[in-house]
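Peer 1:
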Amino acid sequence: MKRFLIVLVLLAVGCGNNPGSAKTSASAAATSPTASGSPLPFPSPAPGGPTPPAPMAVVCSSQIPAGHQLALVTLRGVQGIVVRDVTDLTHPVTRCGFSGGSNFRFVSSTHVSYTVTTGSLGSPGGLYLVDLTTSTTSLVRAWNSGGYASWVYAWSPDGQKLSYLSSDATGLKWHVLSAAGDKTLSALGTVGARGVDGDNDDAMVGFSADGQYVAVEETFTTQKNASSTTPPIQIVRLSDNKTVYSRADGTMGVWAANGARFYFRTTAGVQVWEPTGKVQTVSAGLQWIRPWPSSDGSHITFTSLNPQGNHLVGILDTNGGPVALASPEPRANPGFLTPTLIWYAGEQLCTTTTPCGFGGPAANGKTYVYDIAGVESGSVDIALFDSWPHVAGQS
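For any residue, its number in our numbering is found by taking its place in the sequence shown, counting from 1, and adding 800.
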């Protein structure tokens, strides 16, 4: 469920492995793995299809115990991305490491996916799946030309369905891949030449926590220089592929981590859709940015802009409590590490005499972990891409 823009994040360095060295198990060294057919219950890429870039090397030093809390992070001084066991945050353990790749996601506690491309926008790419128990890599899908937002994808809570955006010269399309095949849910239009506003532009796909619905939200085909009037927000019921909700405005969408509640931002504030068809405002005027739900479904963290142009981290209580401020100081890119711990990065202070200018405030090099009970602590680690579990009930 999380999202397409990488969020920088944390963890204590401890005894981290170097993911640049490659092996297929804790004891056997290897070079980059050979991709096999996908083990998931939907068709492997057809023979003769696009040839993807090679998968990345993975090294795992220990098995992941059942029920543990995990994070995909970058550690200070360590190349690549690692799977970090944060069940005991005072003694975190690096379980596995990757030598490259991007757009990492947990599929389950033992499976991770990522994308690889051969170059910049428009280049061929592939989505790979790694079994962390065996260090086996398989190809999920490949593409010849990846346009804007071609990196957007999400897994269903049970890992049996994949929602993704394809993007090429014909435009942006929304798909669901499952045992029933590859279903195109909507042709979203083409992405015109334009800049990107990180505080307002967004593209995401995601499944409801109960697995009954899938949503898309994107701002790139409905704005200036785009070719489509397709609604930027659409929600489809998976049992019959029927569109049950759409609207002509909105951005920064996210599913809560329990039930089927889809939150999104409009000019009126943050609103929520429920399967009954009810849509209501939950925080009038709030212009949240990059929302990230806690896995227990109780909170959503986000940033918003203050008058000086700095980001402040907020926390929305999904049970109706007031919005809380994590820190009065500039902070950015928050994400839930566990249901009660939020990681975020510090920003340089914008003032009337020292404005941040075009591009917004820069990071100040400091990082933090915030306990929602109200305690902020410094962190020496630098990047979080995803955490596990995603939703209530997963282990």
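The beta carbon of each residue, even a glycine, is placed where N, CA and C say it ideally should be. Keep in mind it's a predicted model, so treat the numbers as computed, not measured.
Have a look at 897, 1040, 914 and flag the residue whose alpha-carbon is nearest the alpha-carbon of residue 905.
Peer 2: Among 897, 1040, 914, the Cα nearest to that of residue 905 is on 914.
Peer 1: Look at the alpha carbon of residue 844 and the alpha carbon of residue 981, and state the distance between them as a whole number of angstroms.
Peer 2: For residue 844 and residue 981, the distance between alpha carbons rounds to 10 Å.
Peer 1: When burial is assigned at 16 or more other CB atoms within 10 Å of the CB, is residue 1054 buried or exposed?
Peer 2: Buried, because 16 or more other Cβ atoms sit within 10 Å of the Cβ of residue 1054.
Peer 1: Quick check on residue 1142: does DSSP put it in helix, strand or coil?
Peer 2: Reduced to three states, the DSSP call for residue 1142 is strand.
Peer 1: Rounding to the nearest angstrom, what Cα-Cα distance links residue 862 and residue 941 in this structure?
Peer 2: Cα-Cα distance, rounded: 28 Å.
Peer 1: Take the Cβ of residue 961 as the centre, count every other Cβ of all protein chains shown within 10 Å, and call the residue buried at 16 or more, exposed below.
Peer 2: Buried is the call here.
Peer 1: Assuming residue 1068 contacts residue 1081 under a Cβ cut-off of 8 Å, what Cβ separation, rounded to an integer in Å, is found between them?
Peer 2: Their Cβ separation, rounded to whole angstroms, is 6 Å, which keeps residue 1068 and residue 1081 in contact under 8 Å.
Peer 1: I'd like to know if the segment 937–956 and the segment 850–857 are in contact, where contact means that at least 3 CB-CB pairs between them fall below 8 Å.
Peer 2: In short, these stretches touch, since the Cβ pair count reaches three.
Peer 1: What beta strand (DSSP E) runs, 3 residues minimum, are completely inside the segment 1104–1137?
Peer 2: Counting whole runs of 3 or more residues, the segment 1104–1137 contains the beta strand (DSSP E) stretches 1111–1117.
Peer 1: Taking DSSP as the reference, what is the three-state secondary structure of residue 1178?
Peer 2: Strand, per DSSP.
Peer 1: Which class does residue 1190 belong to by DSSP, given the choice of helix, strand or coil?
Peer 2: In the structure shown, residue 1190 sits in coil (DSSP, three-state: anything other than H, G, I, E or B).
Peer 1: Once the 5 residues before and after residue 921 are set aside, which same chain residues still bring their CB inside 8 Å of it?
Peer 2: So the list reads 946, 947, 948, once near-sequence residues are dropped.
Peer 1: Using beta-carbon positions only, say whether residue 1096 and residue 1057 come within less than 8 Å of one another.
Peer 2: A contact, by the Cβ cut-off of 8 Å.
Peer 1: Return helix, strand or coil for residue 926, following the three-state DSSP convention.
Peer 2: DSSP places residue 926 in strand when its eight states are reduced to three.
Peer 1: Counting along the chain, where does the beta strand (DSSP E) carrying residue 1171 start and finish?
Peer 2: It spans 1163–1171 - the beta strand (DSSP E) in which residue 1171 sits, taken as one unbroken run.
Peer 1: Name the DSSP beta bridge partners of residue 1099, please?
Peer 2: 1117.
Peer 1: Tell me whether residue 831 is buried or exposed, calling it buried when 16 or more other Cβ atoms sit within 10 Å of its Cβ.
Peer 2: Its pLDDT being 37, under 50, residue 831 is placed unreliably by the model, and nothing is read from it.
Peer 1: Taking 8 Å as the cut-off, decide whether the C-beta atoms of residue 1105 and residue 1187 are in contact.
Peer 2: Not in contact: residue 1105 and residue 1187 (Cβ atoms no closer than 8 Å).
Peer 1: Is residue 964 helix, strand or coil when you go by DSSP?
Peer 2: Correct three-state label for residue 964: strand.
Peer 1: From which residue to which residue does the beta strand (DSSP E) around residue 897 run?
Peer 2: Start and end: 893–898.
Peer 1: Please state whether DSSP places residue 856 in a helix, a strand or coil.
Peer 2: Coil, per DSSP.
Peer 1: Is it the case that the Cβ atoms of residue 950 and residue 965 are separated by a distance below 8 Å?
Peer 2: Their beta carbons are under 8 Å apart, which means residue 950 touches residue 965 by this criterion.
Peer 1: On the premise that residue 1148 lies in contact with residue 1161, defined as a C-beta separation below 8 Å, what is that separation, rounded to the nearest angstrom?
Peer 2: Confirmed, Cβ separation roughly 5 Å.
Peer 1: Answer yes or no: the CB of residue 1009 versus the heavy atoms of the ligand ADP, is any distance below 7 Å?
Peer 2: The ligand content of the structure shown is nil, which means the ligand ADP is not present either.
Peer 1: Please state whether the Cβ-Cβ distance between residue 1191 and residue 1009 is less than 8 Å.
Peer 2: Contact flag set, yes.
Peer 1: For the beta strand (DSSP E) holding residue 1160, just list the boundary residues, first then last.
Peer 2: Neither: residue 1160 is in no beta strand (DSSP E) and is coded neither H nor E.
Peer 1: Could you name the residues of the same chain whose beta carbon sits closer than 7 Å to that of residue 867, not counting the 5 residues immediately before and after it, in chain order?
Peer 2: If we look at residue 867 and ignore the five residues flanking it on each side, its Cβ neighbours are 1195.
Peer 1: Within 10 angstroms of the Cβ of residue 996, are there 16 or more other Cβ atoms? Answer buried if so, exposed if not.
Peer 2: So residue 996 counts as exposed.
Peer 1: Could you tell me the alpha carbon to alpha carbon distance between residue 1183 and residue 1168, rounded to whole angstroms?
Peer 2: The straight-line gap from Cα to Cα measures roughly 11 Å.
Peer 1: Just tell me which of 1151, 886, 929, 840 has its CA closest to the CA of residue 1140.
Peer 2: Cα-wise, what sits closest to residue 1140 is 886.
Peer 1: Of the residues 858, 1041, 1174, which one's Cα is nearest the Cα of residue 983?
Peer 2: Comparing Cα-Cα distances from residue 983 to each of 858, 1041, 1174, the minimum goes to 1041.
Peer 1: When burial is assigned at 16 or more other CB atoms within 10 Å of the CB, is residue 878 buried or exposed?
Peer 2: Looking at its Cβ environment, which holds 16 or more other Cβ atoms inside 10 Å, residue 878 is buried.
Peer 1: Roughly how many whole angstroms lie between the Cα atoms of residue 1153 and residue 1108?
Peer 2: Near 10 Å, if we compare the C-alpha coordinates of residue 1108 and residue 1153.
Peer 1: Under three-state DSSP, which class holds residue 948?
Peer 2: Residue 948: coil per DSSP, three-state reduction.
Peer 1: Around the Cβ of residue 1002, are there at least 16 other Cβ atoms within 10 angstroms (buried) or fewer (exposed)?
Peer 2: Under this definition residue 1002 is a buried residue.
Peer 1: Using CA coordinates, which residue listed in 1048, 1012, 1062, 1120 is at the minimum distance from residue 1038?
Peer 2: Of 1048, 1012, 1062, 1120, the residue nearest in Cα terms is 1012.
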